[in-house]
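Shown next, in structure tokens, is the structure this report addresses.
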Amino acid sequence: MLEELEIRNLGPISNAVITPSKGMTAITGETGAGKSMLLSAIKLISGGKADLAKVSSFANESWAQGVFSVPKSSDVAQILQESGINAEECEDDDSKEEVYVSRSVPKNGRSRAVISGYSVPKSLLESVCSHTITIHGQSDQLRIATASKQREFLDSISCNSKELQDYECAFNKWQNAVEAYNRLINQQSSSRQRADYLRESLEKIQQIDPKPNEDENLKAKRDRIENAAQIVVSISEAISSLDASQIDYGAIDSVDALHLVDNAARAIRSIRVDGNYSAIANQLDDISSQISDIVMQLAQQLDVDESQEDLDAINNRIHDLSDLTRRWGPQIVDVLDWAKKAQFELEDLDDSPEAISRAKDLCEKTYKDAENLAEALYNTRKVVAEKFSDEVSKELESLSMPDAQLLINVYKSAKNKDGKFDLNVHGLDSVEFLFKPFPASNYLPMGSSASGGELSRLMLAMELVAAKFNHSNNQSMTFIFDEVDSGVGGVAAVELGKRLALLAKSSQVIVVTHLAQVAAFANVQFVVRKKIKSAADSGADSSADSVENSSFADTTVSKLDEISRQSEIARMLSGSQSQASLDHAKELLENSKV
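Anchor point for the sequence shown: position 406 equals 391 in the working numbering, and the numbering is continuous, going up by one each time.
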């Protein structure tokens, strides 16, 4: 809901503040006074085109700001939260937030948009205000300007949110299934090549049959064979030094380590006096045993028979293993790990035809589910469209359009060559709003079949019937009607005012009107007046551009009290404020209640 509209230096309006009623607010004034600037200000903060020509001649920039109260659970609050904008909590209602939306337009440079202190792109203004303001006037039927908005409007009165959610879920499942199927089809050729590569690779690995760390062990064995002669000489020398009796050559009387240790042990044991000599002798015996063990191990190394033929086989094996590690290594364990994963991948690829078949079956199933739910969605729209069209056509009779008719077509799209509907995110149907203003006319799209005034009255009728269908207040939405009274007078004007007042019971309504019968139904009335002032009285900034004329039009916007409102209604009735017209105005105000 629009709580306040403030305007500075927009056209002839130097400064104005409007605080609309929660119900119906009327904007009146003589022709040419500047009422259109109020709509320009609202369009400006709604993300409309910034017109530099509308910047006041005595100012450097124009500025407009709207203050809106929106429920914390509303779409607007969610949009602001997603955009990182923190709105203020309403002081008198903790379930709502206050949103400040402003736009400044300098004479030179680009316009600037601000929401609650945050500079934002113009597109965000459009997004926010599309959920808070609907303007019904010539070229401003934004709520149902496009086919998508017409469908959205129809869904809003169809109470089909569950059907919409169910269909959207089914549609997404179908889309995901189609994407998965197409992915498998596109991968089929490359999958065959991949499977052939994996199969050949696994055959090679299985043929060589590597063992963990086998290459390292073979390299060590190869080193031993290649250095066998040197190893024999060194081991023999070591054995000879430790136990000469194990070697076939050498001096018989040579003294080795084992002989010396044994002699030392015997010498110690021959001591017959007290002491720990026995323990020392035992330690020497242990050393003798260790030397014998070492000699035995070394002797075993001499017994290994590794020929040149063994070396050739080892080198061939190392070459085969190196080929594996080069391609899938760097270690044998990496090769074995790759082979295990490749086997699983190959099994999946070999299952590709079956996977494609399963994916195709899933596409068929999910499409059928989505089609059934789209049919249900179509039925909700079809039923409500017929009922809503009839109700609106009846409502138009009381708005001085007795022969006008609204027709809402909801029709299924044609099936494709496969005999299926081309489902989209909205379903299988299209929605079209057609209007016939008089019997001899054909049904035509709404925007091209009626004048601005007729279209405004049509939208009023639609909003009234929509309020009945929704069975809920929409106080967060502000409806603005311009030219709704065009070509209307007498009893029809009273009915028009009454219908606007009825809509104001469920939504905020602002109407720009020339008819006293319409304005009289408003809860609050503002009058727009134009005065001619001299440039010296403008209070213009010294840096502002100079003006050619010494005088200019200055428009003021004033809220009317009870007395001044009677005077304004009298002027609208007869063009004068005679006692008779004042009495008529008072009577009209007293009788204009719903």
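C-beta atoms are modelled at their ideal positions from N, C-alpha and C, and glycine is treated no differently. Nothing here was measured: the structure is a model prediction, and the numbers come from that model.
- Counting along the chain, Y352 sits inside the alpha helix (DSSP H) bounded by residues S337 to E382.
- Between Y352 and W48, the C-beta gap is not smaller than 8 Å, which leaves the two residues out of contact.
- Boundaries of the alpha helix (DSSP H) harbouring F156: S146 to I193, taken from the DSSP string.
- When secondary structure is reduced to three states using DSSP, D539 falls in the strand class.
- Contact between the segment 54 to 63 and the segment 103 to 119 is present: three or more C-beta pairs spanning the two stretches fall below 8 Å.
- M462 sits buried, since 16 or more C-beta atoms from the chains shown fall within 10 Å of its C-beta.
- Classified as exposed, Q150 has fewer than 16 neighbouring CB atoms from the shown chains inside 10 Å of its CB.
- The Cβ atoms of K544 and A18 lie no closer than 8 Å to each other.
- At the C-beta level, L413 and S398 come within 8 Å of one another.
- Counting along the chain, the unbroken beta strand (DSSP E) around H121 starts and ends at I118 to H121.
- Between V513 and Q50, the alpha-carbon positions lie close to 18 Å from each other.
- In this structure the segment 29 to 39 does not touch the segment 441 to 448; the number of beta carbon pairs closer than 8 Å is below three.
- Note: K516 is bridge-paired with D539 in the DSSP secondary-structure output.
- Cβ-Cβ distances below 7 Å link V450 to F373, E376, V377 and E380 in the same chain, with the five nearest sequence neighbours on each side left out; the list follows chain order.
- For the segment 254 to 289, the full-length alpha helix (DSSP H) segments reaching 4 residues or more read 262 to 288 along the chain.
- In the three-state scheme derived from DSSP, where H, G and I count as helix and E and B as strand, V469 is classed as coil.
- Of the candidates I279, C154, L169 and T10, the residue whose Cα lies closest to the Cα of M(-14) is T10.
- In this structure, DSSP gives Q564 a helical state, which the three-state scheme calls helix.
- The Cβ-Cβ distance between N198 and I317 falls below 8 Å.
- Residue environment for M281: exposed (fewer than 16 other C-beta atoms within 10 angstroms of its C-beta).
- For K107, the closest of T131, C75 and K28 by C-alpha to C-alpha distance is K28.
- The C-beta separation of L485 from F506 comes to about 6 Å, placing the pair in contact by the 8 Å criterion.
- Judged by DSSP secondary structure, R95 falls outside any alpha helix (DSSP H); it is assigned neither H nor E.
- Cβ-Cβ separation between S96 and V90: approximately 5 Å, consistent with a contact (criterion under 8 Å).
- Runs of the alpha helix (DSSP H) lying entirely within the segment 411 to 455, each at least 4 residues long, are 437 to 455 in chain order.
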